[in-house]
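The listed protein sequences derive, respectively, from chains A and B.
One rule links them: number in my numbering = place in the first sequence (from 1) + 433.
One rule links them: number in my numbering = place in the second sequence (from 1) + 138.
A virtual CB, placed ideally from N, CA and C, is assigned to each residue, including glycine.
Below: the structure, in structure tokens.
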Amino acid sequence: MIWFAVLGTSVGCYLQKILGLSIPQRYLAAPRIQTVVGVIPIALLSALTAVQVFGHGQSLVVDARAAGLVFAFVALLLRAPFVVVVVGAAAVAAGLRAMGAGA
Amino acid sequence: MTWEQVRRTVIGRALSVGVAVGLYGISFGALATTSGLSVVQTCTLSVLTFTGGSQFALIGVLAAGGSAVTGTLTALLLGARNSLYALRLAPTLQVTGGRRLLAAHLVIDESTAMAIGQDDDRAARLAFWSTGLSVFVFWNLATVLGALGATALGDPKKFGLDAAVGAAFLGLLWPRLRDRSSWVIAVVGAAVALTFTPLLSPGIPVLVAGFVAVVVALRLPTTALPLGGTG
Chain A
434 MIWFAVLGTS
444 VGCYLQKILG
454 LSIPQRYLAA
464 PRIQTVVGVI
474 PIALLSALTA
484 VQVFGHGQSL
494 VVDARAAGLV
504 FAFVALLLRA
514 PFVVVVVGAA
524 AVAAGLRAMG
534 AGA
Chain B
139 MTWEQVRRTV
149 IGRALSVGVA
159 VGLYGISFGA
169 LATTSGLSVV
179 QTCTLSVLTF
189 TGGSQFALIG
199 VLAAGGSAVT
209 GTLTALLLGA
219 RNSLYALRLA
229 PTLQVTGGRR
239 LLAAHLVIDE
249 STAMAIGQDD
259 DRAARLAFWS
269 TGLSVFVFWN
279 LATVLGALGA
289 TALGDPKKFG
299 LDAAVGAAFL
309 GLLWPRLRDR
319 SSWVIAVVGA
329 AVALTFTPLL
339 SPGIPVLVAG
349 FVAVVVALRL
359 PTTALPLGGT
369 G
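Right, here's the structure in full:
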């Protein structure tokens, strides 16, 4: 099943790219389409962040991951590089768990 | 500037963008293997999909227990912006045949942003190709390193790698949060996804969030296409 997703995503993403190089300029140029395509990444990445941090199957929980997210948010506000944001969030969550908090 | 100076500047920047993206690549490789992908699947994804946002989306949905179909759909929704990038680049690149097939694979946030930032078409083409190839090389090397590294580490939760996935998504989102409407969209997206998490199968709430956000966005004042994000 994972291979299906890996190959399906690969084929689909390539088709999206080649489509843009192949079709006449007037397609996709409509402002509404530009808006929709611009908005989708923002909504999806935000939704993915929320679900990744607070989701546990179909239930919602606040655990060590939430502390990691708070760290990431502050680090991004301070313009920290991506790797600091990610590694720091992991370290915060791991540290809390090592202390027995927020499994 | 002479062409030689332009060439050096562009290639230098392309290399540094590649190195910077490599850091995301290490995170991706590590997080993908902790999301249940094998090292080979992880590396295949980086070579063949080669658009970071979609790759992160796929592993995020799979890690949350979503199906392969939901994961693929989410990844493709995130990848839709590449069509607009390619459309924007087409008149500058002027590629046909085999070169077009190759160029298409390199259409990502970074190569597009670098190409659009140049003053003339010749520099833009150089920026596109050099950035695309540089990112491709570093992204894939980094993916291998991250995947092997995380596999060697063992239990991902002990190292907080599950928390790192959320941080990575926030890091990908961050450069797109430029104005009030983008913040509104982001908050709506998160709220909708959380609201539907107890009600729908894993992965589906994220798709619902995307749909609701589009409906909201079409009612907001102008939202420009955000360029120069990452992945």
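Beta-carbon neighbours of residue i, restricted to chain A and to distances below 8 angstroms
i              : result
N220 (chain B) : C446, Q449, K450, G453
L335 (chain B) : Note that residue 335 (chain B) corresponds to Thr in the displayed sequence, not to Leu. Here the neighbours are V484, F487, G488, Q491, S492, L493.
V245 (chain B) : K450, G453, L454
G191 (chain B) : P474, L478
W312 (chain B) : L509
I323 (chain B) : V472, I475, A476, S479
G203 (chain B) : G490
Opening and closing residue of the alpha helix (DSSP H) in which residue i lies
i              : result
S184 (chain B) : 177-186
R465 (chain A) : 464-487
M139 (chain B) : Looking at the DSSP string, M139 (chain B) is not in any alpha helix (DSSP H), and its letter there is neither H nor E.
Q449 (chain A) : 435-455
M252 (chain B) : 247-254
F515 (chain A) : 515-531
V275 (chain B) : 259-291
V199 (chain B) : 190-201
V507 (chain A) : 497-510
Interface flag, residue i vs chain A, CB-CB below 7 angstroms
i              : result
T147 (chain B) : no
Q179 (chain B) : yes
L286 (chain B) : no
G366 (chain B) : Per-residue confidence for G366 (chain B) stands at a pLDDT of 43, beneath the threshold of 50, marking its modelled position as unreliable; the derived number appears in the next sentence. Output row for G366 (chain B): interface = no.
T182 (chain B) : yes
G270 (chain B) : no
G198 (chain B) : yes
L153 (chain B) : no
L363 (chain B) : Confidence in L363 (chain B) is poor, its pLDDT being 45 and thus under 50, which makes the residue's placement unreliable; the coordinate value appears in the next sentence. True, the Cβ-Cβ gap to chain A drops below 7 angstroms.
V157 (chain B) : no
V292 (chain B) : Residue identity differs from the one stated: residue 292 (chain B) is Gly in this sequence, not Val. So, not an interface residue.
G209 (chain B) : yes
T289 (chain B) : no
Proximal residues of chain A, C-beta to C-beta of residue i below 7 angstroms
i              : result
F307 (chain B) : L478, L481, T482, Q485
R238 (chain B) : L454
L264 (chain B) : The contacting residues do not exist; L264 (chain B) stays about 18 angstroms from chain A at best.
A261 (chain B) : Those do not exist, as A261 (chain B) stays about 19 angstroms from chain A at its closest Cβ, beyond 7 angstroms.
Contact set between residue i and chain B, taken where Cβ atoms lie within less than 8 angstroms
i              : result
G501 (chain A) : G298, A301, A302, G304, A305
G532 (chain A) : The residue asked about is misnamed: residue 532 (chain A) is Met in this sequence, not Gly. Within 8 angstroms Cβ-Cβ: nothing; M532 (chain A) doesn't reach chain B, min ~12 angstroms.
Cross-chain neighbours of residue i in chain A, by beta carbon under 9 angstroms
i              : result
A351 (chain B) : V472, I473, I475, A476, L477, S479, A480
S320 (chain B) : G471, V472, I475
F213 (chain B) : It is worth fixing the name first, because residue 213 (chain B) is Ala in this sequence and not Phe. The contacting residues are A438, G441, T442, G445, C446.
V91 (chain B)  : As displayed, chain B neither begins before 139 nor continues past 369, which places residue 91 (chain B) out of reach and without an answer.
Residue-level contact to chain B via CB, residue i, 7 angstroms cutoff
i              : result
A513 (chain A) : no
R498 (chain A) : yes
A523 (chain A) : yes
G441 (chain A) : yes
L510 (chain A) : no
A463 (chain A) : no
V518 (chain A) : yes
beta-carbon residue i near the ligand GDP non-hydrogen atom, thresh 6 angstroms
i              : result
T333 (chain B) : Within the structure as shown, the ligand GDP is missing, as the structure has no ligands at all.
Contact list for residue i against chain E, beta-carbon separation under 7 angstroms
i              : result
L279 (chain B) : No chain E is present in this structure, whose protein chains are A and B.
Quiz item: How about the segment 155-173 of chain B and the segment 326-337 of chain B: do they share at least three Cβ pairs that are nearer than 8 angstroms?
Solution: Flag = no, the segment 155-173 of chain B and the segment 326-337 of chain B do not touch.
Self-check item: Inter-stretch contact (C-beta, 8 angstroms, three-pair minimum) for the segment 174-189 of chain B and the segment 282-291 of chain B
Solution: Yes, they touch.
Exercise. Would you mind listing the alpha helix (DSSP H) stretches within the segment 303-368 of chain B that are 4+ residues and don't spill past its ends, in chain order?
Key: Complete alpha helix (DSSP H) runs here, min 4: 318-334, 342-355.
Exercise. Enumerate, from N- to C-terminal direction, the unbroken beta strand (DSSP E) stretches of 3 or more residues contained entirely within the segment 218-242 of chain B.
Key: Runs found: none.
Practice problem: Count the C-beta pairs between the segment 504-512 of chain A and the segment 219-234 of chain B that are closer than 8 angstroms, then say yes if the count reaches three, no if not. | Solution: For the pair of segments examined, the segment 504-512 of chain A was found not to touch the segment 219-234 of chain B: the number of CB pairs separated by less than 8 angstroms stays below three.
Practice problem: Specify whether the segment 447-458 of chain A and the segment 303-322 of chain B touch according to this definition: at least 3 beta carbon pairs, one from each stretch, less than 8 angstroms apart. | Solution: Segments in contact, no.
Practice problem: May I ask you to verify whether the segment 255-269 of chain B touches the segment 142-152 of chain B, counting CB pairs closer than 8 angstroms and requiring at least 3? | Solution: Yes, since at least three Cβ pairs between the segment 255-269 of chain B and the segment 142-152 of chain B fall closer than 8 angstroms, the two stretches touch.
Quiz item: Is the segment 523-534 of chain A close to the segment 296-308 of chain B, with three or more CB pairs under 8 angstroms?
Solution: Under the Cβ criterion (8 angstroms, minimum of three pairs), the segment 523-534 of chain A counts as touching the segment 296-308 of chain B.
Exercise. Take every Cβ of the segment 240-247 of chain B, pair it with every Cβ of the segment 188-198 of chain B, and state whether three or more of those distances are shorter than 8 angstroms.
Key: These segments touch.
Practice problem: Decide yes or no for the touch test of the segment 337-345 of chain B against the segment 483-495 of chain A: beta carbon pairs closer than 8 angstroms, at least 3 of them. | Solution: Short answer: they touch.
Exercise. Answer yes if the segment 201-215 of chain B comes into contact with the segment 485-505 of chain A, meaning at least three C-beta pairs across the two stretches below 8 angstroms, and no otherwise.
Key: With three or more CB-CB distances shorter than 8 angstroms, the segment 485-505 of chain A counts as touching the segment 201-215 of chain B.
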